[in-house]
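Quick note: the sequence shown uses our numbering, first residue 16, plus one each step.
First comes the structure, then the notes that go with it.
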Amino acid sequence: MAGILELTVAEAAAQIAATELSAEEYFDAWREAAAGDDLNAYLFHVEHPVDHQAMDGPLGGIPVAVKDIFCTEGTPTTAGSRILEGYRPPYTATAVRRLDAAGARVLGKTNMDEFAMGSSNENSAYGPVLNPWDRGRVPGGSSGGSAAAVAGGLAPCAIGTDTGGSIRQPASLCGIVGLKPTYGAISRYGMIAFASSLDQCGPFTRDVTDAALLLAAMEGRDPCDSTSVGIEGGILAPSREDLGGLRFGVPSDLAGAGFDAGVREVFEATLKWIEDLGGELAEVALPSAEHGISAYYVIAPAEASSNLARYDGVRYGVRAGGDGDLLQMYETTRSQGFGTEVKRRIMLGTYALSSGYYDAYYGQAQKVRTRIAEDFKAAFEKVDFVVTPTSPSVAFELGEKTADPLSMYLNDFFTVPMSLAGIPAISIPAGLAEPEGGGRQLPVGFQIAAPAFAEQKLLEASYALEQAIGFDAKPVGSDG
């Protein structure tokens with residue numbers, strides 16, 4: 016059983032296709048592993064008969080854990096919120112349908128920060144997710160359930176969403192691969208909206224090859240999502256062995272960024288790996304990136320305040336306080352249905368969009384966003400990639416930052432600029448480091464960003480670097 020669970024997605028799919036491995040046996044093994052979830056990674060488990068007609072697909076017989084922000088027909092979909100408790104969508108998200116068409120099967124729906132608002136998965140209405148490396152620490156967020164499931168041996172792969180770092184940051188904190196594709200590469204249809212101009216679906220896997228497999232299955236134009244474009248030429252399995260001829264840009268102001276000494280050490284060691292593989296390092300200027308967090312926490316809440324207006328107990332959401340007048344019912348429903356962080360962001364967004372402050376906040380934030388995109392465009396005229404640590408620190412303790420929202424928001428310092436620019440970025444595990452206060456070593460992620468729709472080039476470089484680093488550490492007790 017343990018041997019089956021150690022197979023990568025690519026290996027398992029190949030063995031199933033060659034009839035060397037039974038799809039039923041493989042799915043049952045993962046279903047049994049998922050049933051032993053002691054991380055609160057799953058909210059719902061899905062019973063799925065194996066469809067032999069789908070075995071010819073590139074993901075034939077592969078179980079996938081799905082963040083509970085994706086609509087799945089007939090299966091509960093809560094977005095981690097009490098207000099959607101018991102909601103069963105009448106349709107399935109395009110990303111999930113495409114995985115299904117490729118032969119994959121939904122293993123379960125994973126826990127998440129409510130409406131994807133959070134960096135620690137402590138904002139879920141259904142309790143926090145635990146980091147498989149240290150159950151007293153967070154897995155990152157908002158897609159913490161998906162990341163913990165893959166890292167903890169509860170799923171071979173998963174999908175999540177990334178608005179400001181919600182795939183890359185938990186991937187870093189859990190020691191796995193997390194990819195945020197270019198905005199529009201994967202359809203958002205059926206993905207419950209947080210911030211529509213930023214939200215993007217992406218995979219969590221144990222290696223880069225598996226990430227390429229899932230991306231290949233999900234990407235592409237979708238008539239149900241007018242912002243979807245797809246990746247020209249599709250996605251192939253990466254095979255590059257060196258980084259010769261490639262230039263990697265290191266932001267010039269990175270030296271002044273506040274991140275842990277252990278993270279810095281792993282980052283610098285990874286830069287050395289790049290040079291050893293024939294890559295060239297160059298300094299690049301991203302002068303507006305330091306304002307990314309400020310701009311993001313105006314734009315994202317503004318869009319959220321609009322998107323979440325529909326949850327009022329009439330159109331969507333569990334109705335509360337029905338005995339009073341309509342206005343009272345709206346107020347009671349939203350007060351009881353939304354958690355603290357969601358309410359905070361709705362208020363921030365509503366304030367930023369108010370007539371007296373629109374230009375001062377939202378308008379200025381959009382100007383910063385444009386400048387960040389221009390900074391990246393200028394950088395990519397000189398280099399092929401931009402690299403940073405994924406997160407300023409390793410996984411922090413549960414409850415450590417909940418009383419200080421600003422400290423929590425700063426966890427997205429390195430990931431938000433790529434989201435605002437709409438470009439692809441990947442986090443790969445680069446090593447281990449001790450927390451600042453001491454303790455067992457925890458994973459550190461290395462982030463690589465590329466120009467829009469350059470996913471194939473990004474995956475090739477990431478694959479070569481991944482092979483050289485050879486990160487093979489696993490959480491204690493993990494079978495995966």
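Every residue gets a Cβ at the ideal spot worked out from N, C-alpha and C, and that includes glycine.
Unbroken beta strand (DSSP E) runs of no fewer than 3 residues, entirely contained in the stretch 51-131, are found at 57-60, 78-82 and 120-125, following chain order.
Pairwise C-beta distances place the stretch 343-363 in contact with the stretch 310-324, as three or more of them are shorter than 8 Å. For the pair of segments examined, the stretch 387-397 was found not to touch the stretch 104-112: the number of CB pairs separated by less than 8 Å stays below three. Only residues of its own chain outside the window of five on either side were considered, and among them A227, A231 and Q471 have a CB closer than 8 Å to the CB of L251, listed in chain order. Burial state of E62 is exposed, judged by a 10 Å Cβ sphere holding fewer than 16 other Cβ atoms. For the 8 Å CB-CB criterion, A94 and E129 form a contact.
With the rule of 3 Cβ pairs closer than 8 Å, the stretch 144-161 counts as touching the stretch 44-61. In this structure, the beta-carbon distance from T405 to S267 does not fall below 8 Å. When the five nearest sequence neighbours on each side are left out, the beta carbons in the same chain lying within less than 7 Å of the beta carbon of E88 are those of P104, P105, Y106 and T107, in order along the chain. Looking at the backbone, the Cα of S181 and that of G460 are separated by about 13 Å. Around the Cβ of L22, a 10 Å sphere holds 16 or more other Cβ atoms; the residue is buried.
The beta carbon of Y424 sits closer than 8 Å to those of S134, I308 and Y312, all from its chain and outside the five residues before and after it, given in chain order. The alpha helix (DSSP H) runs of length 4 or more contained entirely in the stretch 430-479 are, from start to end of the chain, 431-436.
For D225, the uninterrupted alpha helix (DSSP H) run begins and ends at V223 to M233, by DSSP.
Apart from the 5 residues on each side of it in sequence, M433 sits with its Cβ closer than 6 Å to the Cβ of A440 and A464 in its chain, given in chain order.
Across the structure, P420 and G76 are spaced so that their CA atoms are roughly 42 Å apart.
In terms of CA proximity to L261, L480 leads the group G485, L480, P490 and M127. In this structure, the alpha-carbon of P185 lies about 18 Å from that of F209. F85 sits away from I246, with the two beta carbons spaced by 8 Å or more.
The three-state reading of DSSP puts I207 in coil, since its state is none of H, G, I, E or B.
The Cβ atoms of G168 and L20 lie closer than 8 Å to each other.
Relative to T242, the option among S202, L269, V144 and S369 whose CA is nearest is S202. Shown here for T178: same chain residues with a beta carbon closer than 7 Å to its own, the five before and five after excluded, namely A131, F209, A210, L213, D214, A315 and S434 in chain order. Residues P407 of the same chain have their beta carbon placed closer than 7 Å to that of G273, with the five preceding and five following residues left out of the count. Going by DSSP, P266 is part of the beta strand (DSSP E) stretching over R262 to P266.
Residue pairing by DSSP places Y326 opposite Y331 in a beta bridge.
Remark: C-beta atoms of V121 and V81 approach each other more closely than 8 Å. The stretch 136-153 and the stretch 368-382 do not touch, with fewer than 3 CB-CB distances between them shorter than 8 Å.
Counting only the Cα atoms, D237 lies some 19 Å from A119. In the three-state scheme derived from DSSP, where H, G and I count as helix and E and B as strand, L269 is classed as helix. In the same chain as E346, and ignoring 5 residues on each side of it, the C-beta atoms closer than 8 Å to its own belong to G336, in chain order.
Rounded to whole angstroms, the gap between the alpha carbons of T403 and T285 is 10 Å. Short of 6 Å from the beta carbon of G259, and not among the five residues preceding or following it, lie these beta carbons of its own chain, in chain order: G293.
Per DSSP, the unbroken alpha helix (DSSP H) holding T348 starts and ends at L341 to G352.
By the 16-neighbour rule on beta-carbons within 10 angstroms, C189 is buried.
Excluding its 5 nearest sequence neighbours in each direction, R386 has C-beta neighbours in its own chain below 6 Å: S303, listed in chain order.
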